[in-house]
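K.L.:
Just dropping this structure here.
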Amino acid sequence: SALKLSFLTGVGLGLAIVAGTTLLWLALSLLGVFDDVNKLVGELVGTKADQGKATELTDLLGLGTVLTFTTVFAVVNTLVVTVLGTLLAFIYNLMSALVGGLQVDLVED
């Protein structure tokens, strides 16, 4: 039960991370942030047209590259959340057996 819940929580977080990263990258691309950064770096470094094509930010951080790293991170995150959630549930059950846990009485008027 704790394993399933931890796994589903990890999958949900992973999907949210991938979707959020995709939307953020698309928003930055549509707003032209990558082009502005390329211009700024070109001005700072002093890239000239006769020196050939400089490496652009979108060449290094294209959508495919970003999604690949994000997916790998989401999978590792899912594994970590699953293991930690299960381990913490196990520790909680051990401690509640040792201490006796909390008793909650519900009274209906």
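Residues 1 to 109, numbered by full-length UniProt numbering, are exactly what the sequence shown covers, in order. Built from N, CA and C at the ideal position, the CB exists for glycine as well. Just so we're clear, the structure is a prediction, and the values are computed from it rather than from any experiment.
1. In this structure, how does DSSP classify Val104 when only helix, strand and coil are distinguished?
2. Using only the alpha-carbon positions, how far apart do Leu102 and Tyr92 sit?
3. Can you check the UniProt domain "DUF3566" (1-107) for any alpha helix (DSSP H) of at least 4 residues that lies completely inside it and give the ranges in chain order?
4. Can you grab the Cα-Cα spacing for the pair Val45 / Ala89, in whole Å?
5. Roughly how far, in whole angstroms, is the beta-carbon of Thr70 from the beta-carbon of Ile17, given that I think they are within contact range, below 8 Å?
6. Would you mind working out which of Gly62, Phe7, Asp35, Gly12 sits nearest Thr22, comparing C-alpha positions?
P.N.:
Let me spell this out:
1. Stepping through the sequence shown from its first residue, residue 104 is reached at position 104. Note: Val104 maps to coil in three-state DSSP.
2. By one-based count along the sequence shown, residue 102 stands at place 102. By one-based count along the sequence shown, residue 92 stands at place 92. Their backbone Cα atoms lie some 12 Å apart in a straight line.
3. Within the UniProt domain "DUF3566" (1-107), the runs of alpha helix (DSSP H) that reach at least 4 residues and sit entirely inside it are, in chain order, 2-31, 33-45, 57-60, 63-99.
4. Walking along the sequence shown from the start, residue 45 turns up at place 45. Walking along the sequence shown from the start, residue 89 turns up at place 89. Roughly 54 Å separates the two Cα atoms.
5. Position 70 of the sequence shown holds residue 70. Position 17 of the sequence shown holds residue 17. Their Cβ separation, rounded to whole angstroms, is 6 Å, which keeps Thr70 and Ile17 in contact under 8 Å.
6. Along the sequence shown, one-based indexing puts residue 22 at 22. Of all alpha-carbon atoms in Gly62, Phe7, Asp35, Gly12, the one lying nearest the alpha-carbon of Thr22 is that of Gly62.
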